[in-house]
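Here's the structure we're looking at; comments come further down.
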Amino acid sequence: MPEANDTGATLHSEFNKQAARYETNYTTPITGGELQDILREEEAALESKASRSQNK
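My numbering applies: residue 92 is where the sequence shown begins, and numbers increase by one.
Here it is in structure tokens:
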């Protein structure tokens, strides 16, 4: 059991390690326009794949 005068330094250090891990994995939020472009590309790829499978 922790001592009564424990300042929480151990927990604080563990928190900082975890927080740093999430900060380094953070990516810039995607904008609506970028998302639309990605969805259009994926839709076009799916349509292309579907038309190729129908032509077989």
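Every residue, glycine too, gets a C-beta built ideally from N, C-alpha and C.
Computed from a predicted structure; not experimentally measured.
Measure the C-alpha to C-alpha separation of Glu134 and Lys108 and round it to an integer number of angstroms.
-> 40 angstroms
Through-space distance from Leu126 to Leu137, alpha-carbon basis | 17 angstroms
Between the CA atoms of Gly123 and Thr101 - distance to the nearest angstrom | 42 angstroms
Can you tell me which of the three DSSP states Asn146 falls into?
-> coil
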